[in-house]
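**Q** In this text, residue positions in the sequence shown follow my numbering: the first is 1, and each later residue adds one. Ideal Cβ positions, reconstructed from N, Cα and C, are used throughout, including at glycine. Pasting a structure below so you can have a look.
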Amino acid sequence: MASWTPLKRDTLDSLADEFLHNYAKGRTLLAVDGLDGAGTTTFADALAERLGRGGHAVFRASIDDFHRPRADRHSRGVDSAKGAYLDSYDYSLFRRVLVEPFRLGGSTGFMTKGWDAARDVAAEMEWTTGPRDATLVVDGIFLNRPELRGLWNWSIWLETPRGSSPAQNLYLAEAKPRTRASAIVDNADPEHPRRVFADSC
1 MASWTPLKRD TLDSLADEFL HNYAKGRTLL AVDGLDGAGT TTFADALAER
51 LGRGGHAVFR ASIDDFHRPR ADRHSRGVDS AKGAYLDSYD YSLFRRVLVE
101 PFRLGGSTGF MTKGWDAARD VAAEMEWTTG PRDATLVVDG IFLNRPELRG
151 LWNWSIWLET PRGSSPAQNL YLAEAKPRTR ASAIVDNADP EHPRRVFADS
201 C
């Protein structure tokens, strides 16, 4: 147990400063990855706010807004671990309407939502543009899987003591996201997240 637990703002400021030191220019992508219940959305929201404090343009998206249609997600069975890992998200749509146009910059529009999972229909087409220098912060599960890991300039892995589901076990075995992350954060206490290092755990 650590004898000192940093305040959330201190950890967020440290991460934001490190990221912007290396990636302040151009269009950059930052992933906040973790297991279900790790708090990726809340953490990503707070980190995005810190990144933007000095005037840096920041956009937010969640992989949960790029689900595949329910029938496709459940095609292997509602309880299929393989289906949950392989069929949950439409990564082609994610790249096509968000990642690729965001990277193009200029006046090219991009969409931060592609699918309305609650209604099981395509999201309304709302196109956004941004300045030359901007960061897209994406949160969710499975973000360091092989077909996505090359997208990120930087990624954060959130650790919690929660157990993992069978689908997440497949992800952990295949992708080894902890070893791929640029930074590892112990988020067991969300008010006192703590940066940790792979060789210290």
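#1: Please report the straight-line C-alpha distance between Ile63 and Pro161, rounded to a whole angstrom.
#2: Would you say Asn187 and Glu159 are within 8 Å of each other, going by their C-beta atoms?
#3: Does the separation of the CB atoms of Thr40 and Gly34 fall below 8 Å?
#4: Does the ligand PLP have a heavy atom nearer than 7 Å to the CB of Tyr89?
#5: Alpha carbons only, please: which of Ala123, Phe94 and Thr128 is nearest the one belonging to Gly109?
#6: For Ala31, which of Lys82, Val185 and Asp139 has the nearest alpha-carbon?
#7: From the DSSP output, read off the bridge partner residues of Asp10.
#8: Cα separation between Ala175 and Asn144?
#9: Measuring straight from C-alpha to C-alpha, what distance separates Arg180 and Asp10?
#10: With a 10 Å radius around its C-beta and 16 neighbouring C-beta atoms as the bar for buried, classify Cys201 as buried or exposed.
#11: Counting only the same chain and skipping the five closest in sequence on each side, list residues whose C-beta sits under 7 Å from that of Arg50.
#12: So Arg60 and Val137 are in contact, right, with Cβ under 8 Å, and what is the actual spacing, rounded?
#13: Spell out the partners DSSP gives Tyr89 in its beta bridges.
#14: In terms of alpha-carbon separation, which member of Arg70, Leu98 and Ser182 lies closest to Ala118?
#15: Which residues mark the beginning and the end of the beta strand (DSSP E) in which Phe59 is found?
#16: Taking just the CA atoms, how far does Ser75 sit from Ala44?
#17: Exposed or buried, what is Ala183 when buried is set at 16 or more other beta-carbons lying within 10 Å of its beta-carbon?
#18: Are Ala173 and Tyr85 touching if we call contact CB-CB under 8 Å?
#19: For the beta strand (DSSP E) containing Arg195, name the first residue and the last one.
#20: Taking buried to mean at least 16 other C-beta atoms within 10 Å of its own C-beta, is Gly114 buried or exposed?
#21: Can you grab the Cα-Cα spacing for the pair Arg132 / Phe66, in whole Å?
**A** In short:
#1: Mapped onto the sequence shown, residue 63 falls at position 63. Mapped onto the sequence shown, residue 161 falls at position 161. Cα to Cα, the separation comes out at about 22 Å.
#2: Counting from one through the sequence shown, the residue named residue 187 turns up at place 187. Counting from one through the sequence shown, the residue named residue 159 turns up at place 159. Taking 8 Å as the Cβ cut-off, Asn187 and Glu159 qualify as a contacting pair.
#3: Stepping through the sequence shown from its first residue, residue 40 is reached at position 40. Stepping through the sequence shown from its first residue, residue 34 is reached at position 34. Gly34 is positioned such that its CB atom lies closer than 8 Å to that of Thr40.
#4: No copy of the ligand PLP appears in this structure; indeed no ligand is present at all.
#5: The residue labelled residue 109 in the question sits at position 109 within the sequence shown. Nearest neighbour of Gly109 by Cα position, chosen from Ala123, Phe94 and Thr128, turns out to be Thr128.
#6: In the sequence shown, counting from the first residue as 1, residue 31 sits at position 31. Taking Ala31 as reference, the option from Lys82, Val185 and Asp139 with the minimal CA-CA separation is Asp139.
#7: Here residue 10 refers to the residue found at position 10 when the sequence shown is read from its first residue. Looking at the DSSP assignment, Asp10 forms no beta bridge with any residue, so it has no partner.
#8: Position 175 of the sequence shown holds residue 175. Position 144 of the sequence shown holds residue 144. Going from the Cα of Ala175 to the Cα of Asn144 covers about 6 Å.
#9: For the purposes of this step, residue 180 is identified with residue 180 of the sequence shown, where counting begins at 1. For the purposes of this step, residue 10 is identified with residue 10 of the sequence shown, where counting begins at 1. Their Cα atoms are separated by approximately 24 Å.
#10: What you label residue 201 is simply residue 201 of the sequence shown in a count that begins at 1. Model confidence at Cys201 stands at a pLDDT of 47, short of 50, so the residue's coordinates are unreliable; what they give is reported in the following sentence. It counts as exposed.
#11: Along the sequence shown, read from residue 1 onward, the residue named residue 50 stands at position 50. Result list for Arg50: Leu12, Asp13 and Ala16, in chain order.
#12: Translated into positions along the sequence shown, residue 60 becomes position 60. Translated into positions along the sequence shown, residue 137 becomes position 137. Indeed they touch by this definition, with Cβ atoms about 5 Å apart.
#13: The residue labelled residue 89 in the question sits at position 89 within the sequence shown. Paired residues: His67.
#14: Within the sequence shown, the letter at position 118 stands for residue 118. Selected option, being the one with the closest Cα: Arg70.
#15: Residue numbering aside, residue 59 sits at position 59 when the sequence shown is read from its first letter. Taken as a continuous stretch (DSSP letters only), the beta strand (DSSP E) holding Phe59 covers Ala57 to Ser62.
#16: Taking the sequence shown and counting its residues from 1, the one referred to as residue 44 is at position 44. Taking the sequence shown and counting its residues from 1, the one referred to as residue 75 is at position 75. Cα to Cα, the separation comes out at about 31 Å.
#17: Numbered from 1 along the sequence shown, position 183 holds the residue referred to as residue 183. That one is buried.
#18: If you number the sequence shown from 1, residue 173 lands on position 173. If you number the sequence shown from 1, residue 85 lands on position 85. Not closer than 8 Å, so no.
#19: Stepping through the sequence shown from its first residue, residue 195 is reached at position 195. Counting along the chain, Arg195 sits inside the beta strand (DSSP E) bounded by residues Arg194 to Val196.
#20: Position 114 of the sequence shown, counting from 1, holds the residue named residue 114. Gly114 comes out buried.
#21: In the sequence shown, residue 132 corresponds to position 132, counting from 1. In the sequence shown, residue 66 corresponds to position 66, counting from 1. Taking the straight line from one Cα to the other gives about 25 Å.
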